[in-house]
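Worksheet for the structure shown next.
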Amino acid sequence: MAGILGEQSGAFVGLLAVAAGIIGFVWGLTRIGVEYKARDTVERIVMGVLILCSTIAILTTAGIVLSLVFETGHFFQKYSWTDFFFGTNWTPRFQGNSDLGILPLLWGTLYISFIALLVAVPIGMFAAIYMSEYASKRVRGIAKPAIEVLAGIPTIVYGLFALITVGPMLRDYFAQPLGLGQSGASVLTAGLVMGIMLIPFVSSLSDDIINAVPQSLRDGALGLGSTPSETIKQVVLPAALPGIVGAVLLAASRAIGETMIVVLGAGAAARMSLNPFEAMTTITVKIVSQLTGDNDFSAPETLVAFALGLTLFVITLALNIVALYIVRKYREQYE
Amino acid sequence: MTDLPMPADASRDATKSSLLVADARTRKRNAAEKRFRSYGAAAIGVALVALVVLLSSIIGGGAGAFRQTYLSIPVALDADVLDPKGNRDPAEMSKVLTLSYGRVLDAAVDTAVADGGIEIEGLSDKDIGGLISKEASAQLRDRVLADPELLGTTVETNVLVNGRVDGYFKGRVTMESAEADGNTSPQQLMLAEELKERGMLVTRFNWDFVTNPDASDQRPEAAGVGVAILGSLYMMLVVLFLAVPIGVAASIYLEEFAPKNRWTDVIEVNISNLAAVPSIVFGILGLAAFINFAGLPQSAPIVGGLVLTLMTLPTIIISTRAALKAVPPSIRDAALGVGASKMQSVFHHVLPLAMPGILTGTIIGLAQALGETAPLLLIGMVAFVREFPAAPPEGLFDPASALPVQVYNWTQRADPAFIERASGAIIVLLAFLLCMNVLAIVLRRRFERRW
Amino acid sequence: MYDTNRMENAVGQDDIKISARKVQVFYGDKHAIKDVDVDILDKTVTAFIGPSGCGKSTFLRCINRMNDTIPIARIQGEIRLDGEDIYDKRVDPVQLRARVGMVFQKPNPFPKSIYDNVAYGPRIHGLSRNRAELDEIVERSLRGAALWNEVKDRLQEPGTGLSGGQQQRLCIARAVATSPEVLLMDEPCSALDPIATGQVEELIEQLRQEFSVVIVTHSMQQAARVSQKTAFFHLGNLVEYGDTDDIFTKPQDSRTEAYISGRIG
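Residue numbers (this note's numbering), protein chains in the order written: chain F, 339 to 673; chain R, 8 to 458; chain C, 1068 to 1332.
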């Protein structure tokens, strides 16, 4: 435990050291011109500062892992890990004796992410295909930046959009007439809006991947008398498949880690249901709700957020590593 | 990738037919082609429609926040009530509570109604008094304390009108909804209508929305994003002063000096993975490391800035490295060739040339940080803050809000008037983002490749 | 070899398969092909030779309208296949390309199995009624491309796993499987080693029993070995067109002579 504390302070001391380093670095720069002989010494110091800065990323990761693992350890001293990972009930109580099972949260997270991908992957891919294979220069010149604007909009904006526009619309025109639910916040609301958010992400990744397929393959298919769509469906996409799988995994990792859209659009009720018009909740929503307000860092109800965070971190990291690996292998194939 | 059907009619004699006539199979395939193409066009259409609906719903909903209804009435500042000791000493006068000013204002509205000869059936005193915002009395108090000579005179005053009445003029509140609402009544709305006809009630541009601090649950009409803008600004300053130097230094090392070994590989993989870590995890890091461990205060821009710095670093490192990579090696060789050290060639020649690219990446990283919400929730930025933080550097440790968090905060309030405020805050946020992106584009255009 | 060529020249050479008149091609502002007139015969190997950048590949790509895929390319003039203008508005390039197949410079097998590579064309054009027929087409095409014996036991393995020469023969099999009337080959041996080149050249000789073959090559020896007719392109112009023997032994134009004797190229 002492070691863990030491590491954490290390991260902070590192930051201070960098601040000091920057001052030294500026000082060093002025010295280079004035005292030529000092060049070697100064350069050695500057190099040290550069190396230090490049390790900040490692320190950040270490900080994340340590703070998550450390507090999760506390949590599991107070709450059984089997109940956490296999519990199907999420009912935190102020007076203690809470049920803190992750499964309903995981279900909500995966269900919403699935709907988001169902929206984003076809739209993003078709948009990318249209822009790279069909669109005229003018259409591309308008559509591409417009879709990129979607990527630049902060997630809180999407969250508000879910809350005030998409949620009520789905409730009034679908959920209530069909008798499927009464709530504006729902899996579908959050999933749809998150899907819109992911469109530019999927389309720009797909664009890169489709463009990496060599022109000679397209020529081969067209030369045999394929229509452009047959070329895309039967030659380009199968060739690009690994890259596309990687892109979808990256998008899934984004969806799973997304917070503001689900906080405002999905609801707070932990539930395991198939009805997409019902409000459900996610891991990220519960991290926010357990860690905002007055925190008592000895209560399992607060500490559970760290266990949730660690689970989230592990899932997204695994998805990213696999996705980046697949994409890299794919790129190498055509380089 | 299903196999295409193989109909019997299409055999190799088909190829013997004229080129000028499309055979049945070709027609079918061309129809499939057209369908596929239209899916693509539809996908782009859906994305564009989503963008338009998103922006128009936010801008449509938030435009109202920039207009506010005011009542301009003469207010007789009764010296006996507001300065019981009669010595015009602000210190003494500050003992008079806001409540008394409320009474003075109520009387003024009563007089205005009576003078205007407005008679509405069932209009109660509560309706008349409730017409003006609870914030108005505090504003009047501030004004009198600043200028005690006003006492005893009658001053023309612009007072904020209650959020419900304001909502009525913006279409959010209707006579029907007022019927069921305990905070307003159809009579009150009719009164407002009468006053508007007499020109006493006006809805006009509301600059206060941008400069005012947040207001409590009961007075959405007074809430503004002033503190949030300042908080966001402070955090951006922290990010700018930490993330940019560290990010650039790290990029220079990795791109120009780092040997190709295990350790640098680890750093590389680390950076690309860090870029994909969910933002909320950075919030947990901030809470555990900066607040619980290092003991920095909650809700402080310095903590928000540190968290955003760590989040933005990968973005800045990735774009800076791309900018450095784009500088042709010939420039480095030229510098080395005249006897500069490797370090000098980088700092004197490569870095200045890569600067536009670095700036563009930095601005985009800052824009990302400006819109980030989730991690800030965990470090207490969501608290209700009415006081403006002091000037930096001390102000960095004062509690403040941030624009996106203010939006979240307002969505959690009961009064629907706050939704309008939230959308309005987003318009402010988007305006900032737009400016930053335009700046990035201008920089890129301006300095695009000079070699 | 010249002797055999001359003997075979007698076979059905009178049929004009493709006739081009006043063909012009522009790439943006660049005038890539100028006023090309040529008649390409059925059941004949016609070679296009000339220094690189002379327009021979560009002209080849006009014959099955592959230039349509390049947005900045513009084509004027007319090219007739069996008397029908292939640039007529009513002509669907997809239908045209089924009749005029193409083999490219670099072997470009699809990332599919060997079988699926060959079956690709028949499938999209609906040339078989059932699996057995498709199997038969695949086998016939692979035999036609002299590849059957090498791959018959591993038809389900990816086509990209073959050697360069095998890959190019696979691409030829793929083109042949569609039963085209004309086979265009754009420097099909430039990426191959001498042994693989020999195999492909042998194959071309067989292919002309069934098709009209047009081959672009920058190797004069190759043109002399495989073709009966040769067209010499220079700076976008068709300088000389005639029997291969004549072009190589008594060229009419000084530029042709300069090229074949190695002074330009």
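Glycine included, each C-beta is placed from N, C-alpha and C at the ideal position.
*Beta-carbon of P483(F) versus every beta-carbon of chain C: anything under 9 Å?*
No, P483(F) does not count as interfacial toward chain C.
_Reference L383(R); option with closest CA among L446(R), S239(R), A347(R) and N268(R)_ = S239(R)
*Identity of the residue in R451(R), S286(R), A447(R) and P363(R) nearest A376(R) by Cα*: S286(R)
*Grouping DSSP H, G and I as helix and E and B as strand, with all else coil, what is M1169(C)?*
strand
_Determine, for D422(R), whether the minimum Cβ-Cβ distance to residues of chain C falls below 9 Å._
no
*If you draw a straight line from the alpha carbon of A222(R) to that of V209(R), how long is it in whole angstroms?*
Taking the CA atoms as reference points, A222(R) sits about 22 Å from V209(R).
*Members of the segment 1186–1219 of chain C near chain F, C-beta cut-off 7 Å*: Y1187, G1188, I1191 and H1192
*Using the beta-carbon of each residue, which ones in chain F are nearer than 7 Å to F43(R)?*
S567
*How many Å lie between R669(F) and G584(F) at the Cα?*
11 Å
*When DSSP labels each residue in this structure, what does R1322(C) get in the three-state scheme?*
Collapsing the DSSP output to three states places R1322(C) in a helix.
*asked:* Does E1151(C) come out as helix, strand or coil in the three-state DSSP assignment?
replied: Three-state result, E1151(C): strand.
*To the nearest angstrom, how far is it from the Cα of E1148(C) to the Cα of A1165(C)?*
For the record, residue 1148(C) in the displayed sequence is Leu; it is not Glu. Taking the straight line from one Cα to the other gives about 13 Å.
_Taking the beta strand (DSSP E) that Q1091(C) belongs to, which residues open and close that run?_
I1083 to Y1094
_Where K1336(C) meets chain F, residues with beta-carbon distance less than 8 Å_ = The shown model of chain C, from 1068 to 1332, leaves out residue 1336(C), and the question about it has no answer.
*If we ignore side chains and look at the alpha-carbon of each, how far apart do L1201(C) and V1218(C) end up?*
If I take the Cα positions, the gap works out to 17 Å.
_Contacting residues, own chain, Cβ-Cβ under 8 Å from A390(R) (five flanking each side not counted)_ = The answer, listed in chain order, is Q305, S306, P406 and S408.
*Answer with buried or exposed for K1089(C), where buried requires no fewer than 16 other C-beta atoms within 10 angstroms of its C-beta.*
The C-beta of K1089(C) has fewer than 16 other C-beta atoms within 10 Å across all chains shown, which makes the residue exposed.
*When burial is assigned at 16 or more other CB atoms within 10 Å of the CB, is I664(F) buried or exposed?*
buried
*Helix, strand or coil: how does DSSP classify A1140(C) here?*
strand
*At which residues does the alpha helix (DSSP H) containing A1027(C) begin and terminate?*
In the structure displayed, chain C extends from 1068 to 1332; residue 1027(C) sits before or after that span and is not available.
*Pick helix, strand or coil for N299(R), following the three-state DSSP scheme.*
DSSP, read as helix, strand or coil, puts N299(R) in helix.
*Kindly indicate the opening and closing residues of the alpha helix (DSSP H) around Q195(R).*
P193 to E204
*Listing by chain order, which chain R residues have their CB less than 7 Å from the CB of Y472(F)?*
R44 and G47
_Please state the DSSP three-state secondary structure of P91(R)._
Of the three classes helix, strand and coil, the one that applies to P91(R) here is coil, per DSSP.
*Q1288(C) versus S1246(C), G1329(C), L1251(C) and R1157(C), residue with shortest Cα-Cα distance*: G1329(C)
_My output table needs one value for R451(R): the three-state DSSP class, helix, strand or coil._
helix
_Using a Cβ-Cβ cutoff of less than 7 Å, which residues in the same chain neighbour T218(R) once the five nearest sequence positions on both sides are dropped?_
Hits under 7 Å: G231 and G233.
*Would you identify the three-state DSSP class for K1097(C), choosing helix, strand or coil?*
The answer is strand: DSSP assigns K1097(C) an E or B state.
*Run through the segment 416–478 of chain F for me and flag every whole alpha helix (DSSP H) of 4 or more residues, listed as ranges in chain order.*
419–424 and 441–467
*Residue from M1169(C), E1307(C) and S1286(C) with nearest C-alpha to R1236(C)*: M1169(C)
_For M618(F), would you say it is in contact with chain R, using Cβ-to-Cβ distances shorter than 9 Å as the test?_
no
_So with CB distances below 9 Å, who are the chain C contacts of L575(F)?_
The premise fails here: L575(F) is roughly 11 Å from chain C at the closest Cβ pair, so nothing lies under 9 Å.
*Is S1279(C) helix, strand or coil when you go by DSSP?*
Here S1279(C) sits in strand by DSSP.
*Pull out every residue of the segment 641–662 of chain F whose Cβ sits closer than 8 Å to any Cβ of chain R, in chain order.*
A643, F644, G647, L650, F651, T654, L655, N658, I659 and L662
*Kindly provide the ranges of any beta strand (DSSP E) runs that are 3 or more residues long and lie completely inside the segment 213–280 of chain R, ordered along the chain.*
Counting only runs of 3 or more, we get nothing.
_Please tell me whether I664(F) has its Cβ less than 9 Å away from any Cβ of chain R._
no
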